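J.: Dropping a structure here in structure tokens format, bear with me for questions.
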Amino acid sequence: MDIPTDITKVKELLDKAHNVLIVTHENPTDDSMGSTLALYLGLTSLGKKVTVACPDPMTVALSNYVGANKVVSELSKKNFVISLDYVEGSIEKVSYNIEGATFNLVIEPRPGFDSFNQDKVHFSHANAAADCIFAVDTIHLGGLKKLYEDDKDLYAGKPIINVDRHPNNALYGQINLVNSQASTTAEVVAQLLSGIGAQLTVDIATNILNALHGATNMFQGANVTARVFELAAVCVKAGGKRFGAKPAVSEEVPSGERVTLDMPKTETVSPLRVASPAAPADWLKPKIFKSSNLL
1 MDIPTDITKV KELLDKAHNV LIVTHENPTD DSMGSTLALY LGLTSLGKKV TVACPDPMTV
61 ALSNYVGANK VVSELSKKNF VISLDYVEGS IEKVSYNIEG ATFNLVIEPR PGFDSFNQDK
121 VHFSHANAAA DCIFAVDTIH LGGLKKLYED DKDLYAGKPI INVDRHPNNA LYGQINLVNS
181 QASTTAEVVA QLLSGIGAQL TVDIATNILN ALHGATNMFQ GANVTARVFE LAAVCVKAGG
241 KRFGAKPAVS EEVPSGERVT LDMPKTETVS PLRVASPAAP ADWLKPKIFK SSNLL
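Here the working numbering is used: the first residue of the sequence shown is 1, the next is one more, and so on.
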């Protein structure tokens, strides 16, 4: 697995894509939903038309994530498809005309072939086109439940980018951004967003920060690594806020006036690429700390 190379492939795929579908598994968690919506915001900022779906509706606990109101639990089948039993070379011409409120599709058979009739016509509905599909924090496609089961052809016909951190991931994507060394899928998404050139806005930073917080049991779980804290620091620097965190502190001054303590000003930065003396360019590289000889 070569994550940087795979991210380059994703970027090449996105350069040609307009409609993008992002899906995540049933029973959403902080990590799955925070990661999914961070990716949704990032791709939208790059001009993509994005649909984001989860087989289960949002819970109150997850409703604070930015973009939660955009998540759908079903993929609407908007396209009406007319299918004909077809023999190679049997169609001479296809045209249409509109007569008042009637749309007529005209199919002219080629000489020597039988005419079409109603017995050879079939009708169905299909989902709106997606140029590519991102599956986030999802071990296998079965975890998508009805999103997958109701339209398997969609997943079979479109490139899937599999973004996850679970070691038992089935590696079902055309591109598998699966890092089993990561503590959270949010870390993988952050690296992906950085690689495709999405800027780390306040909203994206907020989603990633809270995904990290929830997935690691408030940074106390056994799965916490230094990289989790490093990414959390980047998100805070970019203006990310913890859900339910207290607003800027105010205190009483002798004159009786109330003064709100200003929070540090933030700027839009790229995830994992914060150019600041406090965050050197190599901050992602493992560090080796030697003990002092004074002890």
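Every residue, glycine too, gets a C-beta built ideally from N, C-alpha and C. From a predicted model like this one, the values you see are computed outputs, not experimental measurements.
Return the residue from the list K16, G89 and V178 that minimises the CA-CA distance to G112.
T.: G89
J.: How is K9 classed by DSSP in three states: helix, strand or coil?
T.: Collapsing the DSSP output to three states places K9 in a helix.
J.: Between A296 and D153, what straight-line distance do the alpha-carbon atoms span, to the nearest angstrom?
T.: In the structure displayed, the chain extends from 1 to 295; residue 296 sits before or after that span and is not available.
J.: Drop a sphere of 10 angstroms on the beta-carbon of V20, count the other beta-carbons inside from all chains shown, and report buried for 16 or more, exposed for fewer.
T.: buried
J.: Taking V189 as the reference, give the member of F116, M33 and L13 with the closest Cα.
T.: Nearest C-alpha to V189 among F116, M33 and L13: M33.
J.: Between K16, G244, Q181 and H25, which lies nearest to K49 when the distance is taken from Cα to Cα?
T.: K16
J.: According to the Cβ coordinates, are P193 and I175 closer than 8 Å?
T.: Sequence inspection shows Leu at residue 193; the Pro mentioned does not correspond to that position. No.
J.: Can you give me the start and stop residues for the alpha helix (DSSP H) that T185 sits inside?
T.: T185 to G195
J.: Taking only runs of the beta strand (DSSP E) that begin and end inside the region 6 to 80, which ones reach a length of at least 3 residues, in chain order?
T.: 19 to 24 and 49 to 53
J.: Quickly, what does DSSP pair A178 with across the bridge? List them, please.
T.: Note that residue 178 is Val in the sequence shown, not Ala. Answer by DSSP bridge pairing, in chain order: D164.
J.: So, for S115: in the same chain, excluding its five sequence neighbours on each side, which residues have a beta-carbon less than 7 Å away from its beta-carbon?
T.: P109
J.: Locate the alpha helix (DSSP H) running through A205, then write down its first and last residues.
T.: V202 to A215
J.: Check K146 in the structure and name its three-state DSSP category.
T.: Three-state DSSP puts K146 in a helix.
J.: Pull up the distance between the alpha-carbon of N179 and that of P4, whole angstroms please.
T.: 11 Å
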